[in-house]
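Mind the numbering: the sequence shown is residues 415 to 463 in the numbering used here, read in order. Just so you know, even glycine gets a beta-carbon here, dropped at the ideal spot from N, CA and C.
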Amino acid sequence: MVKEVYVCGICNFAYKEKALAEKCEDWCNKHKSCSLEITKKSMGALTQQ
Ligand SMILES: [Zn+2]
Numbered sequence: 415m416v417k418e419v420y421v422c423g424i425c426n427f428a429y430k431e432k433a434l435a436e437k438c439e440d441w442c443n444k445h446k447s448c449s450l451e452i453t454k455k456s457m458g459a460l461t462q463q
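Below you can see the structure in the form of structure tokens.
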């Protein structure tokens with residue numbers, strides 16, 4: 415079973431919802447760091463590859 419996840423291209427945190435990944439990426443771009451409010455909804459950092 416393949417689970418589709420959305421990953422923030424900057425911090426590599428994976429999200430179930432595309433909107434969250436986009437929000438994270440947007441935040442990471444602007445603040446050069448992650449928002450705890452956003453990353454706590456993440457499934458965790460993508461470490462593979
Ligand atoms: Zn991010």
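Span separating the alpha-carbon of residue i from that of residue j
i: residue 457; j: residue 441; result: 17 Å
i: residue 436; j: residue 422; result: 7 Å
i: residue 455; j: residue 429; result: 7 Å
i: residue 448; j: residue 431; result: 17 Å
i: residue 450; j: residue 460; result: 16 Å
Residue range of the unbroken alpha helix (DSSP H) whose run includes residue i
i: residue 443; result: 432-445
i: residue 453; result: 450-453
Beta-carbon proximity list for residue i, same chain, < 7 Å, skipping 5 on both sides
i: residue 424; result: 439, 442 and 443
Worksheet entry | Environment of ligand 1 in chain order, Cβ to heavy atom below 6 Å | 422, 424, 425, 427, 438, 439, 442 and 448
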